[in-house]
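Written out below as C-alpha cells is the structure these notes cover.
There are 2 protein chains.
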Amino acid sequence: MISKTTPIKSDPRVRRTRRILREALISLILEKDFASISIRELTDRADVAYITFFRHYESLDALLMEVLEEGLADLLVHIETLAKQSDTARLETEGRLIFEYIQKKSDLFRILFKSQSVARIRKTVLKNISAIFQKSCAPLQHPKSPIPVRMAGNHMATSLLALIEWWLENKMSPPPVQMGKIYKRLIIDATVGAVMSI
Amino acid sequence: MISKTTPIKSDPRVRRTRRILREALISLILEKDFASISIRELTDRADVAYITFFRHYESLDALLMEVLEEGLADLLVHIETLAKQSDTARLETEGRLIFEYIQKKSDLFRILFKSQSVARIRKTVLKNISAIFQKSCAPLQHPKSPIPVRMAGNHMATSLLALIEWWLENKMSPPPVQMGKIYKRLIIDATVGAVMSI
DNA sequence: CCTTTTTGTTATACTGTATAACAATTGTTT
DNA sequence: AAACAATTGTTATACAGTATAACAAAAAGG
C-alpha cells in the first residue's frame, strides 16, 4: 500500500498518476461545480482505473487540498513582504505584484473562490494572512483603540480576499497597477487610520 | 402531490410537517456539519416517514434555503435603514441595533457562516447588502476616484459579514454598543474616506 | 359521515463509495 | 537480460444514500 500522507515518492509511476489526477481535477473543476464531481468521473477523465484513486487519496477533498496548497503557498510570501512595507511607493508596487501573481495563477484562485467545498482551506489561508497583518498592525495601534488587533487583522485579510474575488469576477479589471493603489488606500490606509486614533 | 415551491398551505398537517422538518434540520446542523447530514437522519430526528421529506422538499439544500431565508430577510431591513443614516450618533445606534439583532438570532447566523454548503445563499445575502451600500455610497464618491462604486459596495458588504462572523466566533464580545462604534469607524468612515478623495 | 388529502409502510431501482483478489504492466536491481 | 518488487488494471462485491411507486392508514373539511 502507498502512503496517502506522503506525496513525495521516488517511483515515477506514482508521481505520474498523482499528477494526472491533479490535472484531471483542475480541468473538471473549471467546467463544473466541485460538489457534482464523482471519483468515477475523475478517473475516467484521467484515464486511470477507479481503484487507483483510492490508492493515493482518501477523498476528493484531500486531492483538492493538495492542488490548492501546492499553488497557494507562495501567495503568503508575497503578502508577508508586502505587510512589512511602510514606504508608500513600495507599498503600491508590492500591491501590484500581488495582483500580477494572481493574474498569472488565476485558474487556481478561481477554484479557491468558486468551489463551495473549500471553505476549510479558504479559512486556513485567511488565518495565515490575518496573522501577518496583525503583526504589522500591532505597533501602529493606539493603546486606547476600541478595535482589537485580532479584529483589525481579520478585517484586512477578509477584505483582501474579497477584493481578489471581486477582481476575478470582474475579468481582472482594473489592471494590477491600479489595484495596487486601491489595495493600499481601501485596505491598508483605511484600516491603519481607523486603528491609530481613539 | 404537494407543490414544492409553495410553502404556504392551509392544511395544518402540511404546515406541521414542514415546521418539524425545519426544526429538525436546525437542531442537527448545530450539532454536526451540514454536509454529513442525510435525509434519513433528518426524518428520523423529525420522527417523520422518509418519503415524506421528498413530498415537501427537493433536497436538503432547498430546506436549508427556506430556513435561512425565513430568518435573514429582516437583517436586510436593518442594514437598509442603517445605510441611509448620515448622522454620526444615529449611525452608531443603528450599528448597535444590527448586532443586537444578530445576538437574538445567533443560531441562524452561526448556520449561515458555519455550513460549508451555503455559499450560494451567503452570496445572495452579500449581493443584497452590497446593493444597499452602493446606493448610499454613490453620492459621496469623488468623480475622479480610482475606486468603482460597485467595488466599494462589495468591500463594505463583505467587511460587515466578516465582522459579524468574527464576532460570533469570539463569543459576541465586545458587546453590541461597542460593535456599533467599531462598525462605524472600520467600515463606514474608513470606506467613505477612501472613496471621497482622488 | 363521506370524500379528499396527507402520511406511513413496504418494496425496488439506481448512483456513488470503498475494498478484495488476482492478473498485467512497469520500474529497479543485480 | 533476467529476476524481483512495486504499481496499476480488471472484475466482483458489499454498502450507504437517493429517489420513486403502490397501497394501506390516518387526519382534515365539508
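These protein sequence lines map, in sequence, to chains A and B.
In terms of the numbering used here, the first sequence is residues 1 to 198.
In terms of the numbering used here, the second sequence is residues 1 to 198.
All C-beta atoms, glycine included, are put in the ideal place defined by N, C-alpha and C.
Using a C-beta to C-beta distance shorter than 8 Å, which residues of chain B count as neighbours of residue i?
i, result
"residue 193 of chain A", "190 and 193"
Locate the alpha helix (DSSP H) running through residue i, then write down its first and last residues.
i, result
"residue 151 of chain A", "149-169"
"residue 56 of chain A", "Taken as a continuous stretch (DSSP letters only), residue 56 of chain A belongs to no alpha helix (DSSP H), as it is neither H nor E."
"residue 135 of chain B", "119-137"
"residue 181 of chain B", "176-182"
"residue 108 of chain B", "106-114"
"residue 21 of chain B", "12-29"
"residue 42 of chain B", "39-46"
"residue 196 of chain A", "190-196"
Identify the contact partners of residue i in chain B, using a Cβ-Cβ distance below 7 Å as the criterion.
i, result
"residue 128 of chain A", "Chain B residues near residue 128 of chain A: none, gap ~16 Å exceeds 7 Å."
"residue 178 of chain A", "146"
Along chain B, in chain order, which residues have C-beta atoms closer than 9 Å to that of residue i?
i, result
"residue 163 of chain A", "151, 154, 155 and 158"
For residue i, go through chain A and note every residue whose CB falls closer than 8 Å to its CB, in chain order.
i, result
"residue 147 of chain B", "182, 185 and 186"
Closest by CA to residue i, which one among the options?
i, options, result
"residue 114 of chain B", "B:68, B:23, B:185 and B:54", "B:68"
"residue 72 of chain B", "B:172, B:171, B:111 and B:15", "B:111"
"residue 82 of chain A", "A:89, A:70, A:74 and A:95", "A:95"
"residue 154 of chain A", "A:173, A:146, A:134 and A:54", "A:134"
"residue 59 of chain A", "A:47, A:48, A:39 and A:195", "A:39"
"residue 184 of chain A", "A:43, A:31, A:42 and A:86", "A:86"
"residue 192 of chain A", "A:138, A:180 and A:179", "A:138"
"residue 195 of chain B", "A:76, A:197 and A:189", "A:189"
"residue 89 of chain B", "B:187, B:197 and B:180", "B:180"
"residue 197 of chain B", "B:56, B:15 and B:143", "B:143"
"residue 119 of chain B", "B:18, B:30 and B:34", "B:34"
"residue 78 of chain A", "A:42, A:102 and A:11", "A:102"
"residue 177 of chain B", "A:170, A:174, A:146 and A:169", "A:146"
"residue 125 of chain A", "A:80, A:84, A:167 and A:11", "A:80"
"residue 107 of chain B", "B:53, B:168, B:174 and B:93", "B:168"
"residue 16 of chain A", "A:30, A:56 and A:31", "A:56"
"residue 84 of chain A", "A:136, A:166 and A:172", "A:136"
"residue 187 of chain B", "B:30, B:123, B:92 and B:32", "B:92"
"residue 20 of chain A", "A:30, A:36 and A:53", "A:53"
"residue 121 of chain B", "B:70, B:140 and B:105", "B:70"
"residue 43 of chain A", "A:166, A:18 and A:30", "A:18"
Consider the C-beta atom of residue i and the heavy atoms of the ligand FAD; say whether any pair is separated by less than 7 Å.
i, result
"residue 176 of chain A", "This structure lacks the ligand FAD; in fact it carries no ligand of any kind."
The region 118-131 of chain B contacting the region 149-159 of chain B, beta-carbon criterion three pairs below 8 Å: Below 8 Å, enough C-beta pairs join the region 118-131 of chain B and the region 149-159 of chain B to call them touching: three or more.
Any 3 or more C-beta pairs closer than 8 Å across the region 156-168 of chain A and the region 158-175 of chain B: With the cut-off at 8 Å, the region 156-168 of chain A and the region 158-175 of chain B touch.
Segment contact flag, the region 19-31 of chain A with the region 51-65 of chain A, C-beta cutoff 8 Å, min 3 pairs: The region 19-31 of chain A is in contact with the region 51-65 of chain A.
Contact the region 40-49 of chain B vs the region 96-105 of chain B: 3+ CB pairs below 8 Å: With a cut-off of 8 Å, the region 96-105 of chain B and the region 40-49 of chain B do not count as touching, because too few Cβ pairs lie within range.
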